[in-house]
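Q: Let me give you the structure first, and then I'll get to my questions.
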Amino acid sequence: MISVFYWNSRGIGNGSTRRALRDLCRLHQPSLVCIAKPMVVFTAISFGFWSSLGLHLVGLNDKGSLLPTIWVFASDSFPDAQVVLFHEQQLTVSLTVNSRLHYYTFVMRVRRRLFEDRFSSLFGTRSVIEDCDFIGVRSQGARFTWARGRYSHTRIERRLDRALVSEGCISYWRDISCVALPRRFSNHCPLVIRLLDTEIVVISKLKRLKNALKTWNWEVFGDLNSNINGKLIELHSTQLQMSNLGFFEELFLAETCVHHELDVLLRRQECFYRDRSRVRWLQDGDRNSSFLHASTRRKQYRNALSYLSINGVLTDDRLVIRDHIIDYYSDLFSSDPSRVETDFSVVDDVIPSLVSDAENAFLIGIPSANDIHDAIFVMDAASAHGPDGFSRGFYQRCWEVMGSDVVFTVQDFFRTGVIFPGLNSNFIVLLPKLKDSISIDQFHLIMLSNFLLKISSKILADRLAQIVTRIVSPYQFGFIRDRHIEDCIALASDCVNVLHKKCYGGNLAMKIDIRKAFDTLDWSFLRRVFQAFGFSPIFMDWIDNILRSSRLSVMINGSLKGYFHCSRGVRQGDLLSPLLFSIAEDFLSRLLSRMVDFSQILPISSPRGFSTSTHLLYPDDVLIFYRGTVRNLKNIIRAFELYGKISGQLVNWGKSSIYFGSSISPSRIGRLWSLVDSLVWAHSRDGQVSCKSAYSQMIRGSPQVPWWRDVWCRFIPPSHSALTWRLLLDRLPTEDHFCKVGFHLASRCSVCGVSSESSDHLFLRCPLAAAL
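full-length UniProt numbering applies: residue 1 is where the sequence shown begins, and numbers increase by one.
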C-alpha cells in the first residue's frame, strides 16, 4: 500500500499549520508528503520537526520565502526515494514498491495574469491529460478543494486540486482512492491518495465487514440469555391471557409467533455453545443441553491461567504472569545473539540434490481458481479463527460473494511473493499439558493465523507433500504422506527384540528428545537444506517471507497481550510447518546414515538375514540402535553436537534415555554412563549457566513488596527509580548510614546544619524539603 499526502498549505511557518500537519500524518501514515506553497525557506523549519513525523527530505525547488515552491518528503520506510525530474513547477519522485519502480509527479500551476484567456488553462490541462492518457481519480470527501470569501455573496469555491493516474497504474494497483479532507488553516483541502494492492483491498473489506458485524451482533443477535428469558416471559404472559380470556385467534397467532422467535433464539444459542465448547461430534438437535454448557465451562476453567510458578515462586499477580509469559516467548522465538557465523558446507556434503526442474515448476506455478476453491473447502469449517476473526466456515459460506477477491489475493502472492505485514499476525494459545500445570514449560502452544494466509500455505503444503515423500529419508515417519506411526512402532519393536542378542560390546538403544524442536529451528539452516535439495530460489523466498513476516501475540485468559516478531522457529499450527521441520530434520537422518556407511557408527547386531533400522524419527523424538562401544557413543554425541551447532536445536538430555541390552557388562555400562554424563545447569533452557539465571536462583523465594511497580516503570527514568528504591530501602550513602556501618562521623545536614544527615531528614523533615 502507498499513501500519498498533498497539501497546498499556503504557509507552513506558523505553529497551527504545523500542528495540523502533525495530526494529519499521525492519522494517515503517508508514504510520500508534498507541501506546496510553504511560503518560507526550508531552513526556517527545524530538521527535528520532520524527523518527529518519520519523514526525510527527498527534494525541493526552493525559490525563496515568498515564491510558490514544492517540498517533497518520504517516509523513513522508503529510504530509496529520489528525485528523477526537476522543474520550477513540478517534481517527479521515484519509489520502489514490491521490487517495481513507480513514479509520482507533483505539479503546482503558476497563477496566470488577470484578464488573460480564461479557457487557455482549461485547454492546456485537457491536452496534457489526453496526450499522456491520464485518468482522473474520483475524489471523495469535500466536493470543492479551494474556497475564497467569507460572505455568501463573495464566496467562491472551485476544484483546483486533483489526482491523475496512468493506465499502467490502474492495472497494477487493485484499488485507487482520493479523499479531500476538510480545510485546516488553509483555503485548500489536503488530499490523501491511497494505492492499494489486492491484499489490502481484501483486508480493508474484511475490516469494514467486521465493524458491520459488531453492530449487527449488538442490534440483531443481541444478548441471547436475556432475549430468551424475555421471550419465555412473553410466552407465559400470552398463555396466561389465553387461560383467563379464552381462545382468541389473535392470542393464538401471538403464541405461535413467540414460539417461532424462541426457537430461532435457541438455535442461535446452540450454535454459540457448540462453537465455544469445541465439541465436534454433536448433531443438530443437541441444543442447550447441560453438556454443552458444562463443556464450555470446563474448557474455560482448564485453559485459564490463574497462577504461575516463576523462578520457583508461585504468584497470582496477573501483571507479573503477563510479563513473564511475553518475555518467555519473545525470547524463545528470538535467535541466539551469541551464535557465531556457521559454516553450512557440511549440509551440501550430506544432502544430495533430488528436486527436479519439473517439480520446481510445479511448486511455483500459479494456482487456478478451482485449486483455491478446493483448498478452502477441504479444510474443516468449524476450526478456530485467527486474529482477523473470520473462520474457514465464513469463507465457505460466503464464497459466491468474496470468491473472486480471494482468488485474486492468493494468485497475487504466487505472482509477487509479497505478504502484507498485518496479514501474518498470529495468536499463541496456551494449552496445559498436565492437569495442574503451574510452570510455563508445562503448557503446549499452538498458533492461530489468519485464514487468508492459510489458503496459500495449504496450497504450498499440498504441493510440497507430494515431493517430500520421495526426497525425505525412509527413517522419518512424522508428517510424511503414506507413512504411519504403526510402521514406526513395528520397526522399533523389531530392533528392541534383538537388543539382548549377544555380541561384542552388546547392543544399545538411545531415545533422544530435541528441546523445543519446532520453536528453535534456525532459518538460515532451513534455507541451506532447501538449497541443497535443489528447491527453486523463488520457492525458498516465499518460505522466507512467510517466516519473517510473522508477528505474534499471546492469548492470556481471553485477551491478547504483546506483539513481537520472530527470528527463528516454525509455527506450530501452520500447515507448512510440519513439512518444513521434516525437511530440516532430514539432515540429521542422513548424517547418521552417512556415519553408518563410513563405519563411524556400528549398527546393532541382528540374526543373519534379519534387517534392522539404525535410527527412527517421529517427529522430534529420535530412536538410535547401535553397538554399545565407547567409540560409537562418542561419534553419536559428536553428530548431535554438529546438528545442534548448525540448526540451533539442542538435545534435552533430561528427557532422553539409554536402554542397555542384557549382554552389556556392568563395568561397560559404568564407562558409558561416565561418558554421557556432563555438567548441566538445570535452570536454563540450553543447560549453560549465566549471571541472570544464577542471580534468579539466589533471590529465589525473596518476598516482593507490593509497591515495586510504582517505582520501576517505563514512565520514570531509571536513575530516578534507582534513587527512589535506595531511599525506600534506606541504602543512600548518607552520613547517618555510614555511622551505622562503623564509620564514626560527625553527622550534620549540609543544608540546614541543625539535624543529622539521614534519608528521612533530607527528603522529609529538612526545612528545604518541607518547603518543596
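Every residue gets a Cβ at the ideal spot worked out from N, C-alpha and C, and that includes glycine.
Can you tell me which of the three DSSP states D284 falls into?
A: Locating residue 284 in the sequence shown gives position 284, where the first residue counts as 1. Bear in mind that a pLDDT of 48 at D284, under 50, signals an unreliable position, so the model cannot answer this.
Q: So, at 6 Å on beta carbons, what are the nonlocal neighbours of D586 in its own chain, with the 5 sequence-adjacent residues on each side left out?
A: Taking the first residue of the sequence shown as 1, we reach residue 586 at position 586. Around D586: V472, S473.
Q: Following the continuous beta strand (DSSP E) through V192, name the residue where it begins and the one where it ends.
A: On the sequence shown, position 192 is the one that residue 192 refers to. 191-196 is the extent of the beta strand (DSSP E) around V192.
Q: So F106 is in the beta strand (DSSP E); what residue range does that whole segment cover?
A: For the purposes of this step, residue 106 is identified with residue 106 of the sequence shown, where counting begins at 1. If you look at F106, you'll find it in the beta strand (DSSP E) that goes 100-107.
Q: Let's see if you can read the secondary structure: which residues bound the alpha helix (DSSP H) around N635?
A: Here residue 635 refers to the residue found at position 635 of the sequence shown. Start and end: 630-647.
Q: Taking DSSP's pairing of strands, which residues face Y659 in a bridge?
A: Locating residue 659 in the sequence shown gives position 659, counting from the first residue. In DSSP, Y659 forms a bridge with A509.
Q: Which residue comes first and which comes last in the alpha helix (DSSP H) that contains F743?
A: Here residue 743 is taken as the residue at index 743 of the sequence shown, counted from 1. F743 -> no alpha helix (DSSP H), and no H or E assigned at all.
Q: For P603, which residues in the same chain have their Cβ closer than 8 Å to its Cβ, ignoring the five residues on either side in sequence?
A: Within the sequence shown, numbered from 1, the residue matching residue 603 stands at position 603. Cβ within range, chain order: V596, T612, T614, F625, Y626, R627.
Q: Can you look up V72 in the DSSP assignment and give me helix, strand or coil?
A: Residue numbering aside, residue 72 sits at position 72 when the sequence shown is read from its first letter. If DSSP states are grouped into helix, strand and coil, V72 belongs with the strands.
Q: Is the CB-CB distance between R551 and S425 below 7 Å?
A: For this step, residue 551 is matched to residue 551 along the sequence shown. For this step, residue 425 is matched to residue 425 along the sequence shown. Going by C-beta atoms, R551 is nearer than 7 Å to S425.
Q: Using 8 Å as the cut-off, can you tell me whether the segment 252-268 makes contact with the segment 224-231, which would need three or more C-beta pairs spanning the two stretches below that distance?
A: yes
Q: Let's test the definition: count the other Cβ atoms within 10 Å of the Cβ of Q396 and tell me whether it reaches 16, buried, or not, exposed.
A: Within the sequence shown, numbered from 1, the residue matching residue 396 stands at position 396. With fewer than 16 other Cβ atoms within 10 Å, it is exposed.
Q: Can you name the residues that DSSP bridges to V429?
A: The residue you call residue 429 lines up with position 429 of the sequence shown. I446, M555.
Q: DSSP on W173, reduced to helix/strand/coil?
A: For the purposes of this step, residue 173 is identified with residue 173 of the sequence shown, where counting begins at 1. Reduced to three states, the DSSP call for W173 is coil.
Q: Leaving aside the five residues before and after W725 along the sequence, list all residues of the same chain whose C-beta is less than 7 Å from its C-beta, in chain order.
A: On the sequence shown, position 725 is the one that residue 725 refers to. Once the five neighbours on either side are set aside, the close Cβ partners of W725 are V711.
Q: Three or more C-beta pairs under 8 Å: does that hold for the segment 545-560 against the segment 422-436?
A: Touching, per the Cβ criterion.
Q: Just how far apart, CA to CA, sit residue 781 and T145?
A: Because the chain in this structure spans residues 1 to 772, residue 781 falls outside the shown range and cannot be described.
Q: Can we say the segment 75-83 touches the segment 4-12, given the rule of at least three CB pairs closer than 8 Å?
A: Contact between the segment 75-83 and the segment 4-12 is absent: fewer than three C-beta pairs spanning the two stretches fall below 8 Å.
Q: DSSP puts R515 in a beta bridge; with which residues?
A: Walking along the sequence shown from the start, residue 515 turns up at place 515. According to DSSP, R515 bridges with L650.
Q: What do you reckon, are the CB atoms on V630 and F640 nearer than 7 Å?
A: In the sequence shown, counting from the first residue as 1, residue 630 sits at position 630. In the sequence shown, counting from the first residue as 1, residue 640 sits at position 640. Not a contact, by the Cβ cut-off of 7 Å.
Q: Excluding the 5 residues preceding and the 5 following R118 in the sequence, name in chain order all residues of the same chain whose CB lies nearer than 8 Å to its CB.
A: Looking up residue 118 in the sequence shown gives position 118. Low confidence applies to R118: its pLDDT is 46, below 50, so where it sits in the model is not reliable, and the reading given next is rough at best. For R118, where only same-chain residues beyond five positions count, there are no Cβ hits under 8 Å.
Q: At which residue ranges does the segment 308-383 contain complete alpha helix (DSSP H) runs of 4 or more residues, listed in the order of the chain?
A: 318-332, 345-350, 357-364, 369-377
Q: Kindly indicate which residue of P387, L160, V407 has the alpha-carbon position closest to the one of D374.
A: On the sequence shown, position 374 is the one that residue 374 refers to. If we check each option's Cα against that of D374, V407 comes out closest.
Q: Assign A600 to one of three DSSP states: helix, strand, or coil.
A: Position 600 of the sequence shown, counted from the first residue, corresponds to residue 600. First, the amino acid is wrong: residue 600 is Gln here, not Ala. Q600: coil per DSSP, three-state reduction.
Q: Let me know if C488 comes out buried or exposed under the rule of 16 or more other beta-carbons within 10 Å of its beta-carbon.
A: Here residue 488 corresponds to residue number 488 of the sequence shown, with the count starting at 1. The residue is buried, with at least 16 neighbouring Cβ atoms inside 10 Å.
Q: Among F443, L642, S439, which one has its Cα closest to the Cα of L431?
A: In the sequence shown, the residue the question calls residue 431 occupies position 431. Nearest C-alpha to L431: F443.
Q: Go through its chain and collect everything with a Cβ distance to R415's Cβ below 7 Å, but skip five positions before and after it.
A: As a position in the sequence shown, residue 415 is number 415, starting the count at 1. Result list for R415: I366, in chain order.
Q: Give me the DSSP bridge partner(s) of W146.
A: As a first step, residue 146 is located in the sequence shown; it is residue number 146 there, counting from the start. Looking at the DSSP assignment, W146 forms a beta bridge with R158, H188.
Q: In terms of DSSP beta bridges, what is S759 paired with?
A: As a first step, residue 759 is located in the sequence shown; it is residue number 759 there, counting from the start. Its beta-bridge partners do not exist; DSSP assigns none.
Q: Count the other C-beta atoms from every protein chain shown that fall within 10 angstroms of the C-beta of A74, then say buried if there are 16 or more, exposed otherwise.
A: As a position in the sequence shown, residue 74 is number 74, starting the count at 1. Flag for A74 reads buried.
Q: Taking L453 as the reference, give the member of N497, K435, P387 with the closest Cα.
A: Locating residue 453 in the sequence shown gives position 453, where the first residue counts as 1. Nearest C-alpha to L453: P387.
Q: When we look at the beta-carbon of M698 and count the other beta-carbons within 10 Å, is it buried (16 or more) or exposed?
A: Position 698 of the sequence shown holds residue 698. Exposed, by the Cβ-count rule.
Q: With distances taken Cα to Cα, identify the nearest neighbour of S665 among Y504, P537, S549.
A: As a position in the sequence shown, residue 665 is number 665, starting the count at 1. Nearest of Y504, P537, S549 to S665, Cα basis: Y504.
Q: Touching or not, the segment 456-467 and the segment 565-584, by the rule of three or more beta carbon pairs under 8 Å?
A: yes
Q: Can you look up V418 in the DSSP assignment and give me helix, strand or coil?
A: Along the sequence shown, read from residue 1 onward, the residue named residue 418 stands at position 418. DSSP places V418 in coil when its eight states are reduced to three.
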